[in-house]
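Letter by letter, the sequence shown follows residues 146 to 879 of this note's numbering.
Built from N, CA and C at the ideal position, the CB exists for glycine as well.
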Amino acid sequence: MSNTLLIAQSTMEQEIDALLAKMTLEEKIGQMNLYSGFYDATGPAPEGGSAATKYEHLRKGWVGAMLNVRGAEETRKLQEIVVNESRLGIPLIFGLDVIHGQKTLAPVPLAEAASWDMELIKKSAAIAANEAAAEGVHWTFAPMVDISYDPRWGRVMEGGGEDPYLGAKIATARVKGFQGDDLSSTTTIAACAKHFAGYGFAEAGRDYNTVDVGTYTLYNRVFPPFKAAVDAGVKTFMNGFHLLNGEPVTGSARLQREILKGKWGFDGFVVSDWGSVAEMIAHGHAKDSTHASQIGVKAGSDMDMASGSYLKNLVGLVKDGKIDEANIDEAVRRILKVKMELGLFDDPYKYSDLEREKERIYHPDHQAGVLEMAKKSIVLLKNEGNLLPLSKNQKGIVVIGDLADDKNSPLGSWRLASENNTAVSVLEGIDAITKEYQFVQGPKVFLEASFLQHVKINETDNNGMKEAVEAAKNAEVVVMVLGEHGFMSGESRSRTNIDLPGLQLKLLKEVYKVNQNVVLVLMNGRPLALPWEAENIPSILETWQLGSQSGNAIAQVLFGDENPSGKLPMTFPRSVGQVPIYYNAYSTGRPVNKEGNVFWSHYADEENSPLYAFGHGLSYTTFNYSDLNINANDSKNIQVSVTITNSGSRAGEEVVQLYLHDPVSTLVRPVKELKGFQKIALEPGASLTVSFTLTDKELGLYNRDYEWVVEAGEFRVMVGGSSEKGLTGSFEIE
Ligand code: BGC
146 MSNTLLIAQS TMEQEIDALL AKMTLEEKIG QMNLYSGFYD ATGPAPEGGS AATKYEHLRK
206 GWVGAMLNVR GAEETRKLQE IVVNESRLGI PLIFGLDVIH GQKTLAPVPL AEAASWDMEL
266 IKKSAAIAAN EAAAEGVHWT FAPMVDISYD PRWGRVMEGG GEDPYLGAKI ATARVKGFQG
326 DDLSSTTTIA ACAKHFAGYG FAEAGRDYNT VDVGTYTLYN RVFPPFKAAV DAGVKTFMNG
386 FHLLNGEPVT GSARLQREIL KGKWGFDGFV VSDWGSVAEM IAHGHAKDST HASQIGVKAG
446 SDMDMASGSY LKNLVGLVKD GKIDEANIDE AVRRILKVKM ELGLFDDPYK YSDLEREKER
506 IYHPDHQAGV LEMAKKSIVL LKNEGNLLPL SKNQKGIVVI GDLADDKNSP LGSWRLASEN
566 NTAVSVLEGI DAITKEYQFV QGPKVFLEAS FLQHVKINET DNNGMKEAVE AAKNAEVVVM
626 VLGEHGFMSG ESRSRTNIDL PGLQLKLLKE VYKVNQNVVL VLMNGRPLAL PWEAENIPSI
686 LETWQLGSQS GNAIAQVLFG DENPSGKLPM TFPRSVGQVP IYYNAYSTGR PVNKEGNVFW
746 SHYADEENSP LYAFGHGLSY TTFNYSDLNI NANDSKNIQV SVTITNSGSR AGEEVVQLYL
806 HDPVSTLVRP VKELKGFQKI ALEPGASLTV SFTLTDKELG LYNRDYEWVV EAGEFRVMVG
866 GSSEKGLTGS FEIE
């Protein structure tokens, strides 16, 4: 650490000490209290937390932070109350779920993950931070870095997919994008790695449900993106709603004190999830709200989001000697430090500037940035007979599907500050490129659903089916835009069926009967099970939910202005019955069918393999892999190189993926593990040699005692364009 940095830090610590010395116990506890603004977004309203009470509490210095307050004007108004009317005038920190943008929306995070492009992901987070900061927001509850391989869980749309290596890279990119190099700048905001830890393993994919994973999985799959976030300097962490191995994570001293703040040296603060301190009562872990508060603070949950429990109980708990005031001081110190780093003590209003807000929201550079991100997030799943790209002069294109003219669904879930119906629809995108198409909506598949309502699906309304089939009959190409409503994924949007909802598959089948030239454009926030579609439909484009510029990005890919380059960050199953299914699984003792024996690890009614594997994604060109070279002379620095040639006729981008396998290990290793990737661009006919370096970091694993170990013996390498196949080789470690 440089001298200047050390001096700045010690000055900051002195300032915090001085401030703490002036604070009453109530004021300290106030800093640990996070209230929601004017409506209660994701849970029941806290007891005694009405707006009126909140104003009163602001004046008393009983509130350290607020969430769900949007806009320069509102944030300034509340900040003024605290700064001018509370005794010490300690500024509030305003938090918001800025998950994939403030007003200009980028693709949902799972879509961004499909780009495998860390620079673009970082830039996308920076755009989100820039707009959020202009609306007075200081702190985002992102990135969600929960590894998950359960597409039933609606929150997969918010994460980076199933793989810890890719997940860790994305966590780093997003934290750096949000926070930038200078947290006190009015273009950056504090990030929050969530939900620590294991939330992506909610049993049966049901949100808020129990998690039970062993130490091996916890250390080797769940932790890596969290650890990467700490290493990238993330300022805050959020715990979660769930039980992990019998203990609510909000009450876990082992996770928060021992591992996060202890072993990893995290020096920011931990916020609870919405009401999760009080939810320890329903879990059967705390007997009442006082007990829950005691457990939370002892476990290192520094700030209470929305339950009001700390405010209600901590004074009493300290006075009764049940909590040491030093615990309170420690939490407050962490919170004040982030406020100082944000520059709020120098100027509490610096983020709330009406002029800046006007200038930055929907800035053309932001639109260009999210368009680029959207184009790179699209995955071409199948392209039989090169039906895609379509020619711009092609006549007789018919577009079918309720989602084709939808300007809301492509915005996806988790967009608390955004405006409805602001996405470029697929039809508008096609319009911008060609006027030569006819649109038939087909049956109206979805009823309107507002944010807090569960999505209802109209199963019976057949209107439009006949018309769609008629139009398809005479078409040369049919583009069908099908998938999920924008709020079918996200928090509390778990599904037991992960097929095309409503009448869509029926519609697709009817159309296919009269015209086989079908391009299926999928819009969804999670992997779907699409066995019939994959078998029958010649071209399938996975477009997820791509945000504000959706339609433009999709049209540019459909008509070949952009060559798709995305790769799946999550496995697509054949059937929901295969879930959880993931590429980095372990071999069973009976991995193959020997001589028609029934007693091997398989299903009686389905194949074991996925529909589309992790890392899969096609291009309008083709790539040839050759010359795999492994140099293992230095076991601390193994060099792997491979040559990739663009063997097709278009320029394109490829994600070169390196997988490792240790075939004999004390703790068994997965059959494949991603340990390197590079995204490269190649002109037709051009070749490039790509090199990877493997060190202890890639070869090792955490054993049961959380020690990093590399075991001697053979390691196998595979390099290719997906987790399914590639060039293979091996080396020995002594
Ligand atoms: C979610 C968090 C989110 C919080 C605040 C909760 O329901 O689990 O991820 O940050 O609400 O909106």
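Grouping DSSP H, G and I as helix and E and B as strand, with all else coil, what is Phe-768?
Start at 1 with the first residue of the sequence shown, and residue 768 comes out as number 623. Three-state DSSP puts Phe-768 in a strand.
Examine the ligand BGC and report whether any of its heavy atoms sits within less than 8 Å of the Cβ of Ala-557.
The residue labelled residue 557 in the question sits at position 412 within the sequence shown. In the sequence under discussion, the amino acid at residue 557 is Gly, which differs from the Ala named in the question. False, no ligand heavy atom lies under 8 Å from that Cβ.
Is the beta carbon of Asn-275 closer than 9 Å to that of His-511?
Translated into positions along the sequence shown, residue 511 becomes position 366. Translated into positions along the sequence shown, residue 275 becomes position 130. In contact: His-511 and Asn-275 (Cβ atoms closer than 9 Å).
Does Ser-231 come out as helix, strand or coil in the three-state DSSP assignment?
For the purposes of this step, residue 231 is taken as residue 86 along the sequence shown, with counting starting at 1. In this structure, Ser-231 counts as coil in the three-state DSSP scheme.
Give the DSSP-derived three-state secondary structure of Ala-427 in the structure shown.
Position 282 of the sequence shown, counted from the first residue, corresponds to residue 427. Here Ala-427 sits in helix by DSSP.
Give the DSSP bridge partners of Trp-419, in chain order.
By 1-based counting over the sequence shown, the position of residue 419 is 274. None; Trp-419 has no bridge partner.
Please confirm whether Lys-380 and Val-483 have their CB atoms less than 9 Å apart.
Numbered from its first residue, the sequence shown carries residue 380 at position 235. Numbered from its first residue, the sequence shown carries residue 483 at position 338. Going by C-beta atoms, Lys-380 is nearer than 9 Å to Val-483.
Closest to Glu-172 by CA distance: which of Val-862, Val-460, Glu-636, Asn-660 is it?
The residue given as residue 172 occupies position 27 in the sequence shown. Closest option to Glu-172, Cα to Cα, is Val-460.
For Ala-857, I'd like the list of residues in its chain whose CB is within less than 6 Å of its CB, leaving aside the five on either flank, ordered along the chain.
Within the sequence shown, residue 857 is the residue found at index 712, counting from 1. Once the five neighbours on either side are set aside, the close Cβ partners of Ala-857 are Ile-878, Glu-879.
Checking 9 Å against the spacing of the C-beta atoms, do Arg-719 and Pro-676 come in under that value?
Position 574 of the sequence shown holds residue 719. Position 531 of the sequence shown holds residue 676. Contact: yes.
His-761 to Ala-258, Cα distance in whole Å?
Walking along the sequence shown from the start, residue 761 turns up at place 616. Walking along the sequence shown from the start, residue 258 turns up at place 113. The alpha-carbon atoms of His-761 and Ala-258 are separated by roughly 13 Å.
Taking just the CA atoms, how far does Asn-729 sit from Val-816?
Taking the sequence shown and counting its residues from 1, one reaches residue 816 at position 671. Taking the sequence shown and counting its residues from 1, one reaches residue 729 at position 584. Approximately 6 Å between the Cα atoms of the pair.
In or out: Gln-224 buried (at least 16 other Cβ within 10 Å) or exposed?
For the purposes of this step, residue 224 is taken as the residue at position 79 of the sequence shown. Label assigned to Gln-224: buried.
Just how far apart, CA to CA, sit Tyr-184 and Leu-648?
Residue mapping note: residue 184 aligns to position 39 of the sequence shown, counting from 1. Residue mapping note: residue 648 aligns to position 503 of the sequence shown, counting from 1. Residue placement at Tyr-184 is flagged as unreliable, the pLDDT there being 47, under the threshold of 50; a coordinate-derived value is accordingly withheld.
In chain order, what residues of the same chain have a beta carbon less than 6 Å from the beta carbon of Ala-353, not counting five sequence neighbours either side?
For the purposes of this step, residue 353 is taken as the residue at position 208 of the sequence shown. Reading off the sequence shown, one finds Tyr at residue 353, where the question assumed Ala. Closer than 6 Å at Cβ, skipping near neighbours: Phe-386.
By Cβ distance, which residues of its chain are closer than 6 Å to Met-157, with the 5 residues on each side in sequence left out?
Numbered from its first residue, the sequence shown carries residue 157 at position 12. Closer than 6 Å at the Cβ level, and outside the excluded window around Met-157, lie Met-485.
Taking buried to mean at least 16 other C-beta atoms within 10 Å of its own C-beta, is Tyr-731 buried or exposed?
For this step, residue 731 is matched to residue 586 along the sequence shown. Tyr-731 is exposed by the Cβ-count criterion.
Use the C-beta contact count for Leu-233: other C-beta atoms within 10 angstroms, 16 or more gives buried, fewer gives exposed.
The residue labelled residue 233 in the question sits at position 88 within the sequence shown. The residue is exposed, with fewer than 16 neighbouring Cβ atoms inside 10 Å.
Are three or more beta carbon pairs between the stretch 490-504 and the stretch 663-677 nearer than 8 Å?
At 8 Å Cβ cutoff, the stretches do not touch.
Given the structure, does Asn-769 come close to the ligand BGC, in the sense that its CB is under 8 Å from one of the ligand's heavy atoms?
To locate residue 769, count along the sequence shown from 1; it is residue 624. Because no heavy atom of the ligand BGC lies under 8 Å away, the Cβ of Asn-769 does not count as near it: no.
Assuming Lys-651 is part of the alpha helix (DSSP H), what are its boundary residues?
The sequence position of residue 651 within the sequence shown is 506, counting from 1. Counting along the chain, the alpha helix (DSSP H) containing Lys-651 begins and ends at 649-659.
Helix, strand or coil for Met-485, going by three-state DSSP, please let me know.
In the sequence shown, the residue the question calls residue 485 occupies position 340. Reduced to three states, the DSSP call for Met-485 is helix.
Please give the ranges of any alpha helix (DSSP H) in the stretch 321-382, keeping only runs that are unbroken, at least 4 residues long and fully inside the region.
If we require 4 residues or more, the alpha helix (DSSP H) runs fully inside the stretch 321-382 come out as 368-376.
Using DSSP bridges, identify the partner residues of Ala-826.
Reading the sequence shown from its first residue, position 681 is the one you call residue 826. DSSP, once it has assigned bridges, lists Glu-798 as partnering Ala-826.
Using DSSP with H/G/I as helix, E/B as strand and the rest coil, what is Val-600?
On the sequence shown, residue 600 is found 455 positions in, with the first residue counted as 1. Because the pLDDT at Val-600 is just 35, under 50, the model does not fix this residue reliably, and the value given afterwards should be weighed accordingly. In this structure, Val-600 counts as coil in the three-state DSSP scheme.
Going by Cα to Cα distance, which pick from Asn-642, Thr-834, Asp-547, His-630 is closest to Ser-613?
Numbered from its first residue, the sequence shown carries residue 613 at position 468. For clarity, residue 613 is Ala in the given sequence; the question names Ser instead. Considering only alpha carbons, the answer is Asp-547.
Could you tell me if the beta carbon of Glu-879 falls within a distance shorter than 8 Å of some heavy atom in the ligand BGC?
Taking the sequence shown and counting its residues from 1, one reaches residue 879 at position 734. Every heavy atom of the ligand BGC is 8 Å or more from the Cβ of Glu-879, so no.
Following a CB-centred definition, is Asn-753 positioned closer than 8 Å to any heavy atom of the ligand BGC?
Looking up residue 753 in the sequence shown gives position 608. For the ligand BGC, not one heavy atom lies less than 8 Å from the Cβ of Asn-753.
Taking 8 Å as the cut-off, is the C-beta of Leu-255 nearer than that to any heavy atom in the ligand BGC?
As a working note, residue 255 is residue 110 in the sequence shown. Outside the cutoff, so no.
Grab the span of the beta strand (DSSP E) containing Arg-861 for me, first residue to last.
On the sequence shown, residue 861 is found 716 positions in, with the first residue counted as 1. Per DSSP, Arg-861 belongs to the beta strand (DSSP E) from 858-865.
Return yes when at least one heavy atom of the ligand BGC lies under 8 Å from the C-beta of Lys-901, else no.
Nothing can be reported for residue 901, as the shown portion of the chain is limited to 146 through 879.
If you follow the beta strand (DSSP E) that Tyr-180 is part of, which residue opens it and which one closes it?
What you label residue 180 is simply residue 35 of the sequence shown in a count that begins at 1. Per DSSP, Tyr-180 belongs to the beta strand (DSSP E) from 178-181.
Look up Pro-393 in the DSSP assignment and say whether it is helix, strand or coil.
On the sequence shown, residue 393 is found 248 positions in, with the first residue counted as 1. In this structure, Pro-393 counts as strand in the three-state DSSP scheme.
Roughly how many angstroms separate the alpha carbons of Leu-526 and Tyr-757, rounded to a whole number?
By one-based count along the sequence shown, residue 526 stands at place 381. By one-based count along the sequence shown, residue 757 stands at place 612. Rounded to whole angstroms, Leu-526 to Tyr-757 spans 7 Å at the Cα level.
What separation, rounded to the nearest whole angstrom, lies between the Cα atoms of Ile-404 and Met-448?
Walking along the sequence shown from the start, residue 404 turns up at place 259. Walking along the sequence shown from the start, residue 448 turns up at place 303. Their backbone Cα atoms lie some 18 Å apart in a straight line.
What do you get for Asn-930, buried or exposed, if any count of 16 or more other CB atoms within 10 angstroms of its CB means buried?
With the chain represented from 146 up to 879, any question about residue 930 goes unanswered, as that position is not in the structure.
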